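Working notes for the structure below.
In this note's numbering, the protein residues as written are 5 to 425.
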């Protein structure tokens with residue numbers, strides 16, 4: 005706590021004594037209460053719904069002048085009630101969310117190093133995952149060139165864990181082995197974006213290295229294209245990603261492709277779209293990896309808010325075809341967003357008797373009401389329901405006849421506590 009007070013005092017002093025610098029201190033408190041009854045996967049009548057409140061609390065310290073930018077963000081994540089009212093021990097859920105510095109060699113060219121959010125375009129493959137209370141962060145080094153309508157970012161990371169004492173990092177058998185599951189050992193990427201008339205185009209090349217059990221490293225490459233263009237009264241957007249390389253000596257050959265169109269109507273904007281994410285056929289006996297994985301994206305923002313696909317281990321290698329309609333209405337001084345998704349498998353799946361399952365997995369309806377209150381406070385209220393099919397039940401278990409729903413409410417307080425300008 006003393007360190008936090010000292011850092012805050014330092015930033016306040018910099019704000020008062022540097023005429024060219026801007027210092028900002030921002031706080032955030034975001035509790036979210038959820039009722040889960042079939043969230044992520046099908047439930048059945050024998051199971052009780054889950055009901056809980058999870059809270060995110062953050063303190064952002066930002067400094068910027070003509071040469072550098074700097075941010076430290078402290079974060080605490082907890083479930084209401086998990087710590088007793090009177091306690092002497094904290095359980096390690098307070099940590100650094102962001103800690104990075106950015107140095108500008110010129111107005112266009114800079115380098116950024118530290119723990120940071122890496123988020124591009126529609127966040128399909130690289131996103132901040134800010135819906136999750138903890139968010140997604142990378143320890144990385146970035147080189148950024150941004151001039152006019154063009155941007156070029158190069159990113160590099162090399163991860164190591166602390167399972168051996170510090171001298172082991174200098175010289176020891178197996179000192180370079182990375183044992184943190186679910187993460188990459190290394191990555192290198194290039195992202196290019198160019199604004200065009202009434203739209204933009206982005207290109208991505210991402211190489212990720214994953215530690216194998218035998219101490220070798222597998223490298224998987226993802227190449228992506230994201231574009232948007234407004235033609236008359238219609239806005240078109242699309243993306244295409246292809247994955248190749250290998251995982252544990254298994255060849256990777258997978259893809260994702262999506263396209264949507266948004267039309268402004270006299271009542272509300274209307275978006276129609278489809279996305280295909282490749283999977284692996286049940287009768288495919290090869291070791292090839294044909295299921296696309298949106299590894300570092302904000303997956304909650306895609307394929308329905310109930311997170312049946314690509315959030316955690318959900319969906320396995322089935323893949324998905326998502327046909328959707330999205331719209332928004334002005335209601336009670338806020339906005340009501342309504343989404344309908346029709347989910348099909350992205351591969352051929354078989355029943356236990358060997359017959360082919362129907363591709364139809366289910367229909368999801370998502371409703372989210374958002375209202376901005378006084379002082380910059382934002383209130384959200386959401387309800388989602390999955391109408392599952394026999395195929396979904398066969399793939400996921402549970403009982404498709406049970407009520408599969410998710411309800412939640414969230415309020416976000418994010419005041420600026422201090423700014424030097």
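For glycine and all other residues, C-beta sits at the position ideal for the given N, C-alpha and C. Owing to the predicted nature of the structure, the values given are computational and were not obtained by experimental measurement.
Where residue 396 is concerned, the enclosing alpha helix (DSSP H) starts and stops at 394-400. In the displayed model, residue 116 falls within a strand according to three-state DSSP. The C-beta separation of residue 351 from residue 262 comes to about 17 angstroms, leaving the pair out of contact by the 8 angstroms criterion.
Taking residue 216 as reference, the option from 329, 254 and 122 with the minimal CA-CA separation is 254. In this structure, residue 34 lies near residue 60, with their beta-carbon atoms less than 8 angstroms apart. Close CB contacts of residue 417 within its chain, under the 6 angstroms cut and outside five residues either way in sequence, are with 33 and 381 (chain order).
Between residue 149 and residue 113 a beta carbon distance of about 5 angstroms is seen, short of the 8 angstroms cut, so the two are scored as contacting. Collapsing the DSSP output to three states places residue 378 in a helix.
When the five nearest sequence neighbours on each side are left out, the beta carbons in the same chain lying within less than 7 angstroms of the beta carbon of residue 47 are those of 41, 402, 406 and 408, in order along the chain.
Within the DSSP secondary-structure output, residue 357 pairs in no beta bridge. Between the C-alpha atoms of residue 188 and residue 220 there is a straight-line separation of about 13 angstroms.
In the DSSP secondary-structure assignment, residue 389 is bridged to 369 and 409. Judged by pairs of C-beta atoms under 8 angstroms, the stretch 221-232 touches the stretch 113-133, as three or more such pairs exist. In the DSSP assignment, residue 143 forms a beta bridge with 119. In the structure shown, residue 25 falls within a coil segment according to DSSP collapsed to helix, strand and coil. Each of 368, 58, 378 and 117 was checked against the Cα of residue 45, and the nearest Cα belongs to 368. Assignment of beta-bridge partners to residue 73 by DSSP yields 68 and 106. With fewer than 16 other Cβ atoms from the protein chains shown falling within 10 Å of its own Cβ, residue 379 counts as exposed. In the DSSP assignment, residue 362 falls outside any beta strand (DSSP E), carrying neither H nor E. Contact check between the stretch 101-116 and the stretch 67-82: three or more CB pairs, one atom from each, fall below 8 angstroms, which counts as touching. 325 is the residue among 336, 359 and 325 whose C-alpha sits nearest the C-alpha of residue 366. Between residue 28 and residue 423, the gap from beta carbon to beta carbon is short of 8 angstroms. Taking the Cβ atoms as the reference, residue 241 lies roughly 19 angstroms from residue 296, outside the contact range of under 8 angstroms.
Partner residues in the beta bridge of residue 344, as assigned by DSSP, are 329 and 369. Counting along the chain, residue 291 sits inside no beta strand (DSSP E), nor does DSSP assign it H or E at all.
Runs of the beta strand (DSSP E) spanning 3 or more residues and lying entirely within the stretch 239-271 occur at 258-268, in chain order. For residue 90, no pairing in a beta bridge is given by DSSP. The straight-line gap separating the alpha-carbon atoms of residue 345 and residue 330 is approximately 9 angstroms.
The DSSP-derived three-state label of residue 304 is helix. Annotation: residue 341 to residue 371 spans about 6 angstroms, alpha carbon to alpha carbon. Between the alpha carbons of residue 247 and residue 222 lies a gap of roughly 13 angstroms.
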